[in-house]
Amino acid sequence: MPELSQIQKDFRSAMAHLPAAVNVVTTDGPHGRVGITVSAVCSVTDSPPTVLVCVNQGSATHDIFRNNGEICINVLSGEHEELARHFSGATKVPMEERFGWDIWEKDAGSVPVLRDALVKIVGRISDRSIQGSHSVIFVQVDRIEVQEERDSLVYFKRQFHRLSVTPELVAV
195 MPELSQIQKD
205 FRSAMAHLPA
215 AVNVVTTDGP
225 HGRVGITVSA
235 VCSVTDSPPT
245 VLVCVNQGSA
255 THDIFRNNGE
265 ICINVLSGEH
275 EELARHFSGA
285 TKVPMEERFG
295 WDIWEKDAGS
305 VPVLRDALVK
315 IVGRISDRSI
325 QGSHSVIFVQ
335 VDRIEVQEER
345 DSLVYFKRQF
355 HRLSVTPELV
365 AV
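First residue of the sequence shown: 195, per my numbering; consecutive thereafter.
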């Protein structure tokens, strides 16, 4: 791997200070079943509901997502740090084993959905744009399920953190 330039190092350092929700993005279909941990997920518009997901073109999962066409963005809750590590590849658990745990169900389509995800967003890839090393994948949303009363998992300063909702203080 080539050495990073100073601006690349500065950029990575700056992005480490940008808190981001942690997601496991999944797909299943004729090209395979895969999932990856992703923090680069963003809403685009609600007309029609569309989100974007950034995936490294060098990832072994990139073409599988693109070719299957349907994905699920599983927004992770606070207790899913270990799962995030597995799907990031940090633990070296094989892909099929990651889906072997009794935490997955199949959506009405074909994508694996994390049973107790904070939010489940299922949709079809509607467009893709290449920007440097990554594909910016646009996903038109078909279905959403939200579990309101849960903590969220965020990534900040190169570490996972649990973001808890605290009850509002009531003045007496």
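All residues carry an ideal CB built from backbone N, CA and C; glycine is no exception.
For S320, which residues from the same chain have a beta carbon less than 6 Å from its beta carbon, with the 5 sequence-adjacent residues on both sides left out?
Excluding residues within five positions, the ones whose Cβ falls inside 6 Å are F332, Q334.
Counting along the chain, where does the beta strand (DSSP E) carrying D240 start and finish?
Residues 235–240.
Rounded to whole angstroms, what is the Cα-Cα separation between R260 and R352?
Looking at the two C-alpha atoms, the distance is approximately 28 Å.
Tell me whether R292 is buried or exposed, calling it buried when 16 or more other Cβ atoms sit within 10 Å of its Cβ.
R292 should be labelled buried.
In chain order, what residues of the same chain have a beta carbon less than 7 Å from the beta carbon of S327, not counting five sequence neighbours either side?
Once the five neighbours on either side are set aside, the close Cβ partners of S327 are N250, Q251, G252.
State yes or no: is the C-beta of I265 within less than 8 Å of the C-beta of V218?
Cβ distance not < 8 Å, so I265 and V218 don't count as in contact.
Of all the alpha helix (DSSP H) runs that stay within the bounds of the segment 271–330, which reach a length of 4 or more residues?
As far as the segment 271–330 is concerned, its whole alpha helix (DSSP H) runs of at least 4 residues are 275–282, 289–292.
Take the Cβ of A208 as the centre, count every other Cβ of all protein chains shown within 10 Å, and call the residue buried at 16 or more, exposed below.
When all chains shown are included, A208 counts as exposed.
Strictly by DSSP, which residues pair up with E197?
Its beta-bridge partners do not exist; DSSP assigns none.
Rounded to a whole number of angstroms, what is the C-alpha to C-alpha distance between I201 and A210?
Taking the straight line from one Cα to the other gives about 14 Å.
Identify whether D222 lies in helix, strand or coil by the three-state DSSP scheme.
Correct three-state label for D222: coil.
Compute the beta-carbon to beta-carbon distance between K300 and P306, rounded to the nearest angstrom, for a pair I have assumed lies under 8 Å.
Between P306 and K300 the Cβ distance is about 7 Å, and since that is below 8 Å, they are a contact.
Does DSSP put H373 in a helix, in a strand, or in coil?
Absent from the model: residue 373. The displayed extent of the chain is 195 to 366, so no value can be given.
With DSSP run on the structure shown, which of helix, strand or coil describes A208?
Of the three classes helix, strand and coil, the one that applies to A208 here is helix, per DSSP.
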